[in-house]
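Number of protein chains: 2
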Amino acid sequence: MKAQEAASRTCARWVGVDVGGTSIKWRAASADGATVDEGRVASHPASVGEQLRCLGDFIRSRHGEVRGIGVVCPGVIDEVQGRVVYAANLELAGLRPGELLAGDSGIPVRVGHDGRAAGLAEGLLGAGRGARSFVMIPIGTGISAALHLAGGMWGGATFCAGEIGHTPVFPDGEPCACGQRGCLEVYASAKGIARRYAAATGQDVGARGVERLLGADPLADEVWATAAKALALELAHLTLSVDPERFVIGGGLSRAGDTLLAPVRSELDALLAWRDAPSVTAAQLGEEAGRWGALALASMAAGSTDHERWSR
Amino acid sequence: MKAQEAASRTCARWVGVDVGGTSIKWRAASADGATVDEGRVASHPASVGEQLRCLGDFIRSRHGEVRGIGVVCPGVIDEVQGRVVYAANLELAGLRPGELLAGDSGIPVRVGHDGRAAGLAEGLLGAGRGARSFVMIPIGTGISAALHLAGGMWGGATFCAGEIGHTPVFPDGEPCACGQRGCLEVYASAKGIARRYAAATGQDVGARGVERLLGADPLADEVWATAAKALALELAHLTLSVDPERFVIGGGLSRAGDTLLAPVRSELDALLAWRDAPSVTAAQLGEEAGRWGALALASMAAGSTDHERWSR
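In order, the protein sequences belong to chains G and B. Adding 68 to a residue's 1-based position in the first sequence gives its number in my numbering. Adding 68 to a residue's 1-based position in the second sequence gives its number in my numbering.
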């Protein structure tokens, strides 16, 4: 191996930053995706723009050879303009996180939605690998979807595609904080499962607690079964309208594995009388998906295909 | 104008064929989309393949200068291989309608799904014009959708995208002929509206008859309102998951105009508490959409951009 090649394998070429309400996680990777440097800082919601500016200066001072920066955020992200349109818990609206990180360095940047970037990463390195189309669905406090169609992530006309947490799976059902009724996440998010069990029993044991009570507590069984039914209804809607090759279920609740996925598959099969269901699998990258997605955006920002050759 | 240019404006350059259960409609158009020749023959479901072979010979003998042929069919169409996978009322499964029409002429062909081709046409010449993304929904005996996303029609992993007639808008609702329950088209197709009114009153007046009774017959009002609610629920699902810029409602039932679209818009607004609804407009091409779509496929088969300059 020539000295120059060896250097390019160990130098930080791509930087990925995952901005969340709790922390800002970043990673610098070499051309082949290996981690060269990484870190995490607590988010200061009111001054997160200034945090990104400082973080960009810090990373660029350590890694002079960076060729691209990707950054992913929650909320509504204008991925064309690289601008945050709306973010619930962070003072980011109107800001351009990519420019804050790049400063006046001229390094190419790309800004993405955290959920879609996680889907992008699952497609490159995880459970979506090899699928021409798939829908990645992280289930945690809320539920969203990243639609990988026709070779790319589809963000929607108003950058709001994938807000499936608020689809009316049970019309005129239980009220949701969003102002609508019968929303998927009322029944099937970790928060929804915990809330519905607490409403029935007076005990707040969390979604994990409900999972532990399955088979021993009929009320836990019922709450869990309703969550699976709600999820299967949404997957049926997506199957019939979008027809993806695969569903990839992620987020905290996916740690339940087949305890969740088996009843979802079974309900989905029952809802699709005349066609086969797409496969329903668990995500593989966990919390790392966002940073991997941000790194892939960094490579894409520079017009590179490095990210297509990465493996974990 | 040079003689050659004048000739190319009047010669048949593109041929579009729309294969349906009742009739096969075709049109030959010049480079600028003007009709040069057209026709319609009754479908013979059991020998439709042979019909297409004869029709191809006939058209090619009349128009020696044809440069591309597009053909659209109902059912499940493998648009990559140009092959019919499944068609309910026509003996077409396994056949390649494009090759039947082209014979040994070597003329480039492209085969499409009739609903998606109609959507393609509405995007080029009709109610989808100018939208970066839209969903076209023809409502007749059944209900389907054509998803125009990211610059093209999305057909799905198994060429079954857009089967929204069988989405479970009312979980565990009324049974559908497909074997599922609560399907959209049970409530909101022309057939479903007629059937539900007949079930309530014993009178089969058709969907048009139910429309005429609105305001005078509370049962007609109720059936119509439920259809609008079912449609709005499906549009809410599509808005939140796919986020299109526009909905284009076509098919026979769309002739009801705002009698249908106004309550659908109002229900959709009510279902979307926290975001604006996409616009909901009526299709413009009517029954001609299929043939226009087939003509566009003919132009695309030859790698031409003629179709991008057509107007009605």
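Yeah, the Cβ is synthetic: ideal placement off N, Cα and C, and Gly gets one too.
- According to the DSSP assignment, H181 (chain B) belongs to the beta strand (DSSP E) that extends over V177 to H181.
- Using a Cβ-Cβ cut-off of 7 Å, V310 (chain B) counts as an interface residue toward chain G, since at least one Cβ of chain G sits closer than that to its own.
- Contact between L282 (chain B) and T349 (chain B) fails: their C-beta atoms lie close to 21 Å from each other, not under 8 Å.
- P331 (chain B) places its beta carbon 7 Å or farther from that of V203 (chain B).
- Under the three-state reduction of DSSP output, A370 (chain G) falls in the coil class, being neither helix nor strand.
- Nearest to Y255 (chain G) by alpha-carbon distance, out of G:G361, G:G88, G:A295 and G:L339, is G:A295.
- Counting along the chain, the unbroken alpha helix (DSSP H) around L339 (chain B) starts and ends at D326 to L339.
- Proximity of H131 (chain G) to chain B, defined by a Cβ-Cβ separation below 7 Å, is not satisfied.
- Secondary structure of W82 (chain B) (DSSP, three-state): strand.
- Ranking B:G194, B:R135, B:A324 and B:G250 by CA distance to the CA of V237 (chain G) puts B:G250 first.
- Under the DSSP assignment, P206 (chain G) falls in the beta strand (DSSP E) whose first and last residues are F202 to P206.
- Counting every other CB atom within 10 Å of its CB across the protein chains shown gives W378 (chain G) a total of 16 or more, marking it as buried.
- Among the CB atoms of chain B, none fall inside 7 Å of the CB of P142 (chain G).
- Comparing alpha carbon positions, the residue from B:R380, B:E376, B:R263 and B:G371 closest to I175 (chain B) is B:G371.
- Those residues of the segment 198-213 of chain B placed with their C-beta closer than 9 Å to a C-beta in chain G are A199, R200, S201, F202, V203 and A213, ordered along the chain.
- With contacts defined by Cβ atoms closer than 7 Å, V152 (chain G) and L163 (chain G) form a contacting pair.
- T103 (chain G) sits exposed, since fewer than 16 C-beta atoms from the chains shown fall within 10 Å of its C-beta.
- Shown here is that no member of the segment 166-197 of chain B has a Cβ falling below 9 Å from a Cβ of chain G.
- Contact check for G361 (chain B) and A186 (chain B): beta-carbon distance about 5 Å, within the 8 Å limit, so the pair qualifies.
- In this structure the segment 82-94 of chain B does not lie against the segment 209-220 of chain G, because fewer than three pairs of beta carbons, one per stretch, are closer than 8 Å.
- Within the segment 140-180 of chain B, the runs of alpha helix (DSSP H) at least 4 residues long that lie entirely inside it are, in chain order, 165-170.
- For the C-beta of E231 (chain B), the chain G residues within less than 7 Å are, from N- to C-terminus, L308.
- In the DSSP annotation of this structure, V316 (chain G) is not part of any alpha helix (DSSP H); the continuous beta strand (DSSP E) holding it starts and ends at R314 to G318.
- Around the C-beta of P286 (chain B), fewer than 16 other C-beta atoms lie within 10 Å, and the residue is accordingly described as exposed.
- Think of a sphere of 8 Å around the beta carbon of A366 (chain B): no beta carbon from chain G falls inside it, the nearest being about 22 Å out.
- When rounded, the separation of the alpha-carbon atoms in I211 (chain G) and E335 (chain G) is 19 Å.
- Counting every other CB atom within 10 Å of its CB across the protein chains shown gives R264 (chain B) a total of 16 or more, marking it as buried.
- Interface criterion not met: the Cβ of P286 (chain B) is under 7 Å from no Cβ in chain G.
- In the DSSP assignment, W94 (chain G) falls within the beta strand (DSSP E) that extends over S91 to A97.
- Bridge pairing for G138 (chain B): B:G84 and B:R178 [DSSP].
- DSSP lists no bridge partner for W342 (chain G).
- Contact annotation for F238 (chain B) against chain G: P239 [CB-CB distance below 9 Å, chain order].
- When secondary structure is reduced to three states using DSSP, C122 (chain G) falls in the helix class.
- When rounded, the separation of the alpha-carbon atoms in G223 (chain G) and G194 (chain G) is 20 Å.
- Judged by pairs of C-beta atoms under 8 Å, the segment 293-308 of chain G touches the segment 337-347 of chain G, as three or more such pairs exist.
- For the options B:I261, B:V273, B:S98 and B:H234, the alpha carbon positioned closest to that of L301 (chain G) is the one of B:H234.
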